[in-house]
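Accompanying notes for the structure given below.
There are 2 protein chains.
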Amino acid sequence: MARTVDPERYAARRLQIIDAAVTRFAADGYVGATTASICRTAGIGSGTFFHYFPTKADVLLGVLAEGTEETRAWFAAQDGRDDPLAVLRDWVRRSVDELADPRLAGFVRAVGAVMTEPAVAAALARDEQVQQDGLERWVDRARSGGQVRQDRSAAELAAWLALVLDGFVARLAGDDWFTAHGQGDMLLETVDRLLAPR
Amino acid sequence: MARTVDPERYAARRLQIIDAAVTRFAADGYVGATTASICRTAGIGSGTFFHYFPTKADVLLGVLAEGTEETRAWFAAQDGRDDPLAVLRDWVRRSVDELADPRLAGFVRAVGAVMTEPAVAAALARDEQVQQDGLERWVDRARSGGQVRQDRSAAELAAWLALVLDGFVARLAGDDWFTAHGQGDMLLETVDRLLAPR
DNA sequence: AAAATACCAGAGCAGTCACTCTATTAAAAG
DNA sequence: CTTTTAATAGAGTGACTGCTCTGGTATTTT
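In order, the protein sequence lines correspond to chains U and F. Numbering follows numbering that gives the first Met the number 0, with no gaps: position 128 of the first sequence is 127. Numbering follows numbering that gives the first Met the number 0, with no gaps: position 130 of the second sequence is 129.
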């Protein structure tokens, strides 16, 4: 009959647009980033953009969904490990590594700004849930093993772990001396202090 | 000659607009909040709005400046106190009390979103500097007195205090069970753990 | 009272942005 | 090679927003 869609080519273009969008969202915020600027960064026309994503919001949701999937995959890969505290510390290290991408802090802020949008809020809630579930499970095991404090529930402690990391991300955008790898040790130590029994 | 400006009336109207703006910024974000919606919330016409603030951005800067001034005043009021650790804990308590206003978390996020604007970034930097200075001073005293750890500089520890509070603010918007007063004790305890010598 | 001017309202304007529409090109099937 | 359709570009469009401008009202001074 005629030409068919090439899934590989399609996925590549899609990723190209997503990557450009992350760059622009991080630099200019969600609203500050115009679809035109994303197209310019990606080196494509607006027609192409809307050929792959029906709306601008869909690009953001695409990025978010991808991040959620990566988190889920990471936790899934930890299955079967023995030392829960080590898993938690690895999670911190992995987060620090990811945060070395200077775009991430800006992107997180950009997302926070559109949290009022129901679709974004839902995507964010899903992402947080995956993280919370992943963390809570290992915190719970560590707690049962007496490696972490018992005076707070595993859920609560997991939330506080996420809290500290949120604060960490927020700081990255501010002071210059505060870098992901430069303060990574302090982050690990802070997590240790937060969880330590007493 | 003719009618004179009534400073009291003027300040009241100004505050009325600022308050409405905070409400809208918190709910819809900075860009999501239109001047029209702010006017509607304040119950005024757009003419009035721009009579008091030359631009929409100036309202935001006004709110920010007010917050900075309050922080400065608070720290100034602590002058002469003896126990530096108690001052720091009071600072945490005061922050928790302020965060009981449910609009604050949303407002903070809204501000973060426009950090790219140089004027906003400058105002935010000023605000952070005032907080950092205030904290650092008391952390330093506590450190000299051996009440807090010595393995990190006072500046670093002050930044980490702010970091934890940033994370705390961010959490308030998410899960329902995480409330300012409900988790205030945990916050205090976390700060203690963060600063404790060892 | 009257003049002067602060205060206020809202219609309108200029600019911007997400998105659409049309046209063209490229590639796969027959 | 022809046909069919995916892929791409980019000019155009309608809606919306921050802000201006004109006109009217309220209040203080002379």
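Every residue gets a Cβ at the ideal spot worked out from N, C-alpha and C, and that includes glycine.
With a threshold of 8 Å between beta carbons, Val-113 of chain U makes contact with chain F. Ranking U:Arg-88, U:Phe-48, U:Asp-100, U:Trp-159 by CA distance to the CA of Ala-25 of chain U puts U:Asp-100 first. With fewer than three CB-CB distances shorter than 8 Å, the stretch 177-188 of chain U does not count as touching the stretch 7-17 of chain F. Between Asp-165 of chain F and chain U, the shortest Cβ-Cβ separation is below 8 Å.
In this structure Ala-118 of chain F is in contact with Ala-56 of chain F, their Cβ atoms being roughly 6 Å apart against a cut-off of 8 Å.
Within the stretch 160-194 of chain U, contact with chain F at the beta-carbon level (separation under 8 Å) is assigned to Ala-161, Leu-162, Val-163, Leu-164, Asp-165, Gly-166, Phe-167, Ala-169, Arg-170, Ala-172, Gly-173, Asp-174, Phe-177, Met-185, Thr-189, Arg-192, Leu-193. A Cβ of chain U is located within less than 8 Å of the beta carbon of Gly-28 of chain F. At a cut-off of 8 Å between beta carbons, Gly-144 of chain F makes no contact with chain U.
Closer than 8 Å to the CB of Ala-109 of chain F there is at least one CB belonging to chain U. Counting C-beta atoms within 10 angstroms of its own C-beta, Leu-156 of chain U has 16 or more neighbours from the protein chains shown and is therefore classed as buried. The C-beta of Glu-127 of chain U comes closer than 8 Å to at least one C-beta of chain F.
Around Asp-82 of chain F, the same chain offers no residue with a beta carbon nearer than 6 Å, after the five sequence neighbours per side are excluded.
Under the Cβ criterion of 8 Å, Gly-31 of chain F is counted among the residues facing chain U. Burial state of Gln-131 of chain U is buried, judged by a 10 Å Cβ sphere holding 16 or more other Cβ atoms. Rounded to whole angstroms, the separation of the alpha carbons of Leu-134 of chain F and Ser-143 of chain F is 14 Å.
Within chain U, the residues Arg-170, Asp-174, Phe-177 have their CB atoms less than 8 Å from the CB of Ala-158 of chain F, given in chain order. In the DSSP assignment, Arg-92 of chain U falls within the alpha helix (DSSP H) that extends over 83-98. Sequence-distant partners of Phe-74 of chain U (beyond 5 residues in either direction) whose C-beta falls short of 7 Å from its own C-beta, in its chain, are Gly-133. The DSSP-derived three-state label of Thr-115 of chain F is coil. About 5 Å separates the CB atoms of Ile-37 of chain F and Ala-20 of chain F; that is less than 8 Å, so the two are in contact. Judged by beta-carbon spacing, Ile-17 of chain F lies beyond the 8 Å limit of Gly-44 of chain F, meaning their Cβ atoms are not closer than that value.
Within its own chain, the residues whose Cβ lies closer than 8 Å to the Cβ of Ala-32 of chain F, once the five positions on either side in sequence are excluded, are Ala-20, Arg-23, Phe-24, Ala-26, Ala-109, listed in chain order. Scanning F:Leu-164, F:Leu-193, F:Leu-194 for the CA closest to the CA of Ala-104 of chain F turns up F:Leu-164. Taking a C-beta distance under 8 Å as the contact criterion, Arg-71 of chain F and Val-129 of chain F qualify as a contact pair. In this structure, DSSP gives Gln-130 of chain F a helical state, which the three-state scheme calls helix. For Pro-6 of chain F, the uninterrupted alpha helix (DSSP H) segment begins and ends at 6-27. The DSSP-derived three-state label of Ser-152 of chain U is coil. Between Leu-84 of chain U and Ala-179 of chain U, the CB-CB gap reaches or exceeds 8 Å.
The distance from the Cβ of Val-113 of chain U to that of Gly-173 of chain F is about 15 Å, inconsistent with a contact at the 8 Å cut-off. The shortest C-alpha to C-alpha distance from Phe-49 of chain U to any of U:Gln-77, U:Thr-34, U:Gly-183, U:Val-147 is the one to U:Thr-34. At a Cβ-Cβ threshold of 8 Å, Gly-111 of chain U and Gly-166 of chain F do not count as neighbours.
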